[in-house]
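J.: Would you mind keeping the following structure in view while I ask a few things?
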Ligand code: CTP
Ligand code: MG
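Numbering (full-length UniProt numbering), first residue to last: 1 to 229.
Put into structure tokens, the structure is as follows:
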């Protein structure tokens, strides 16, 4: 199968980490977090190129033009993650057709495993689109404003959504535009696709594909990096 382009949203501010720099530029094992993620994506034989979506005025981007033999292009993102993903899709090379599948992967997930990306692509293509995720393992509580647990939610059929997510370029662009026109901030690509009536395939992936979200996650990601190769 022909290799796919991957859009990498990296236009966030990392407010929950609370560092001096956006989290994608904070050091992980001695290098900016984002470079670990990009290296891993570029090394995948089924990935053709990377479209990195940067924040407006980003002066920290190291101007990577090529990783291995893979082109690395950039676009400017927006206020929400979904705005950034749409900007990245719009900026893909014209050779990437509307029917072509594209991946979207968070810059903040450096520990994604090559085998999981392969499985998502192989299974997702047959299903018309899908995402990596994992069934919920813990018991889920509904919290009240009083900080007490008021109810236990059913766990059956509940999944956590990860990235990469994979859809056809045209379908995903349309779905993201429709959500935006309706004033809905979708939190992932699958949510945009669900809103227009498509049911993305859930492909179970390793739970160590963590999204680096807090300062403590840097130590965890550093531990996981060499173990998720
Ligand atoms: N992202 C983006 N554009 C935005 C917001 C987020 O491209 N307007 C990207 C982030 O850079 C990150 C990914 O989407 O790679 C997942 O978002 P998240 O983990 O929430 O990162 P931040 O928004 O940067 O962090 P926070 O929510 O703590 O501010
Ligand atoms: Mg965020």
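A virtual CB, placed ideally from N, CA and C, is assigned to each residue, including glycine. A quick note: this is a predicted structure, and the numbers were derived from the prediction, not measured.
(1) Measuring from the CB of residue 146, is there a heavy atom of the ligand CTP at a distance below 7 Å?
(2) Using a Cβ-Cβ cutoff of less than 8 Å, which residues in the same chain neighbour residue 180 once the five nearest sequence positions on both sides are dropped?
(3) What residue range does the alpha helix (DSSP H) around residue 85 cover?
(4) State buried or exposed for residue 92, treating a residue as buried only when at least 16 other CB atoms are found within 10 Å of its CB.
(5) Of the choices 163, 158, 216, 49, whose alpha-carbon is the least far from that of residue 189?
(6) How about residue 106 and residue 132: do their beta carbons lie closer than 8 Å?
(7) To which residues of the same chain is residue 108 closer than 6 Å at the C-beta, ignoring the five residues directly before and after it?
(8) Let me know if residue 217 comes out buried or exposed under the rule of 16 or more other beta-carbons within 10 Å of its beta-carbon.
(9) I want to check one thing, is the minimum distance from the CB of residue 49 to the heavy atoms of the ligand MG below 7 Å?
(10) Suppose you measure from the CA of residue 29 to the CA of residue 222; what does that come to, to the nearest Å?
(11) So residue 22 and residue 55 are supposed to be a Cβ contact under 8 Å. How far apart are they, rounded?
(12) Can you find the residues in the same chain that come closer than 6 Å, C-beta to C-beta, to residue 37, ignoring five residues on each side of it along the sequence?
(13) Give the straight-line distance between the Cα atoms of residue 123 and residue 149, rounded to the nearest whole angstrom.
(14) Give me the Cα-Cα distance between residue 140 and residue 152, rounded to the nearest whole angstrom.
(15) Buried or exposed: which applies to residue 173, given that a residue is buried once 16 or more other Cβ atoms fall within 10 Å of its Cβ?
(16) Within the 8 Å Cβ cut-off, does residue 215 reach chain C?
(17) Which parts of the segment 60 to 136 are runs of the alpha helix (DSSP H), unbroken and 4 residues or longer, counting only runs that do not cross its ends?
(18) Please determine, among 183, 185, 158, 228, the residue with the shortest C-alpha to C-alpha distance to residue 202.
(19) Which runs of the alpha helix (DSSP H) at least 4 residues long sit entirely within the segment 148 to 216? Give them in chain order.
T.: Reading it off the structure:
(1) It does not: the Cβ of residue 146 is nowhere closer than 7 Å to a heavy atom of the ligand CTP.
(2) The beta carbon of residue 180 is closer than 8 Å to those of 82, 83, 86 in its chain, skipping five residues each way along the sequence.
(3) Judged by DSSP secondary structure, residue 85 falls within the alpha helix (DSSP H) whose first and last residues are 81 to 90.
(4) Buried, because 16 or more other Cβ atoms sit within 10 Å of the Cβ of residue 92.
(5) Its Cα nearest to that of residue 189, the residue 163 stands out among 163, 158, 216, 49.
(6) In this structure, the beta-carbon distance from residue 106 to residue 132 does not fall below 8 Å.
(7) Taking residue 108 as the centre and dropping the five residues before and after it, the same chain places the C-beta of 211, 212 closer than 6 Å to its C-beta, in chain order.
(8) Looking at its Cβ environment, which holds 16 or more other Cβ atoms inside 10 Å, residue 217 is buried.
(9) No heavy atom of the ligand MG is found nearer than 7 Å to the CB of residue 49.
(10) So the alpha carbons of these two residues sit roughly 6 Å apart.
(11) Residue 22 to residue 55, Cβ: 7 Å. Contact.
(12) Result list for residue 37: 107, 110, in chain order.
(13) Looking at the two C-alpha atoms, the distance is approximately 38 Å.
(14) As the crow flies, the alpha-carbon of residue 140 is around 6 Å from that of residue 152.
(15) Burial call: buried.
(16) Any reference to chain C falls outside this structure, which holds one protein chain only.
(17) For the segment 60 to 136, the continuous alpha helix (DSSP H) assignments of 4+ residues that do not extend past its boundaries occur at 81 to 90, 114 to 127, in sequence order.
(18) Checking every option, the nearest Cα to that of residue 202 belongs to 158.
(19) Listed in chain order, they are 169 to 181, 189 to 195.
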